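**Q** The numbering of the sequence shown is our numbering, which starts it at 12 and goes up by one.
The beta carbon of each residue, even a glycine, is placed where N, CA and C say it ideally should be.
In this text the structure is predicted, and so the values were computed from the model without any measurement.
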Amino acid sequence: MFQNIQNPKIDTKMKVFYFYSRISTSTQKANRQIENFKVHDGFNPSKVYIDKIQGNVPFMQRPEASKLFDVVTSSDETVILVVDSIDRLGRNLLDVLKTIELFSANGISLKSIKEGFTTLLDNGKENPTAKLVISVMGSIAEMERQRIKERTTEGIAIARANGKYQGRKYGSVQTTEKLLQRHSDIVKKLEKGLTIREIAQITGKSTATIQKVKKTVIVNEQ
Numbered sequence: 012m013f014q015n016i017q018n019p020k021i022d023t024k025m026k027v028f029y030f031y032s033r034i035s036t037s038t039q040k041a042n043r044q045i046e047n048f049k050v051h052d053g054f055n056p057s058k059v060y061i062d063k064i065q066g067n068v069p070f071m072q073r074p075e076a077s078k079l080f081d082v083v084t085s086s087d088e089t090v091i092l093v094v095d096s097i098d099r100l101g102r103n104l105l106d107v108l109k110t111i112e113l114f115s116a117n118g119i120s121l122k123s124i125k126e127g128f129t130t131l132l133d134n135g136k137e138n139p140t141a142k143l144v145i146s147v148m149g150s151i152a153e154m155e156r157q158r159i160k161e162r163t164t165e166g167i168a169i170a171r172a173n174g175k176y177q178g179r180k181y182g183s184v185q186t187t188e189k190l191l192q193r194h195s196d197i198v199k200k201l202e203k204g205l206t207i208r209e210i211a212q213i214t215g216k217s218t219a220t221i222q223k224v225k226k227t228v229i230v231n232e233q
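#1: Under a three-way DSSP split, which group does Arg102 fall into?
#2: Could you tell me whether the segment 70–88 touches the segment 220–230, where touching means 3 or more Cβ pairs closer than 8 angstroms?
#3: So, with DSSP's three-state summary, where would you put Lys189?
#4: Return the CA-CA distance between Ile16 and Gly118, expressed in angstroms with no decimal places.
#5: Do Lys122 and Leu92 come within 8 angstroms of each other at the CB atom, strictly closer than that value?
#6: How should Thr214 be labelled, buried or exposed, when 16 other C-beta atoms within 10 angstroms of its C-beta is the threshold for buried?
#7: By the DSSP assignment, the alpha helix (DSSP H) with Lys58 in it spans what residues?
#8: Using a Cβ-Cβ cut-off of 6 angstroms (strictly less than) and excluding sequence neighbours within five positions of Lys200, which residues of its own chain qualify?
#9: For Val94, I'd like the list of residues in its chain whose CB is within less than 8 angstroms of its CB, leaving aside the five on either flank, ordered along the chain.
#10: For Leu132, does the three-state DSSP call read helix, strand or coil?
#11: Would you say the segment 39–50 touches the segment 66–82, given that touching needs at least three Cβ pairs under 8 angstroms?
#12: If we call anything under 8 angstroms between Cβ atoms a contact, is Thr140 one with Phe128?
#13: Considering only the beta carbon of each residue, do Ile97 and Glu137 sit closer than 8 angstroms?
#14: Rank Met148, Lys58 and Glu112 by C-alpha distance to the C-alpha of Arg208 and give the top, closest one.
#15: Find out if the Cβ-Cβ distance for the pair Leu105, Glu155 is shorter than 8 angstroms.
#16: Secondary structure at Thr89, three-state DSSP: helix, strand or coil?
#17: Measuring straight from C-alpha to C-alpha, what distance separates Leu132 and Val27?
#18: In chain order, what residues of the same chain have a beta carbon less than 6 angstroms from the beta carbon of Phe114, not counting five sequence neighbours either side?
#19: Could you check the C-alpha separation between Lys58 and Arg193 for me, to the nearest Å?
Structure, rendered in structure tokens:
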């Protein structure tokens, strides 16, 4: 899955640990999560990010997760992100895999306490065990993706048959302002210098949409 990723040689840098989890709005659960992280090497309370939010929100749309991503990808240090469980990295398996790919592409090693593996070894290479687990997850995710696609196609067909499905009216055009407002998340990521592929992984939006927004931003800046 990450065969094209060129990982940095992390054995020449000091490792810095960051910690992330997603919990309910319970303060008690937040405190318990912090206690669990305290026993880990390199624990620093200032490097703990916990989202108190429902689990159906994509990783990069969570306030603390988005903030964490910006911090660790801007760091000059060797970062290892510790999570209590791999399922904290997304709203479903597809989102979890996107998150893992995104961090790995930026040279960030992920360590899951529950699953007991780290995505990158000390020499910066992929962990074979983690690669195997993620490969299996990828196969399952592909099956899930196909099921979603089939259900969507069937749903549209049924809606059309019942006269309830309507796409955008022919010839209708979004104004520049509305386009940029609608895709403000893409604009922010472009301003941070992320590539189209990275933005697609974060937002879940198509590369065609991102390219359209990028062209619009460039024209407006001229």
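**A** Taking the structure as given:
#1: coil
#2: no
#3: helix
#4: Unreliable positioning characterises Ile16 in this predicted model, as indicated by a pLDDT of 47, which lies under 50. A coordinate reading is not provided.
#5: yes
#6: buried
#7: Note, Lys58: premise wrong, no alpha helix (DSSP H); not H, not E.
#8: Ile210
#9: Phe30, Tyr31, Ser32, Leu100, Leu121, Lys122, Ser123 and Ile124
#10: coil
#11: The segment 39–50, when compared against the segment 66–82, does not touch it at the 8 angstroms Cβ threshold.
#12: In this structure, Thr140 places its C-beta atom within 8 angstroms of the C-beta atom of Phe128.
#13: no
#14: Glu112
#15: yes
#16: strand
#17: Near 15 angstroms, if we compare the C-alpha coordinates of Val27 and Leu132.
#18: Leu121
#19: 32 angstroms
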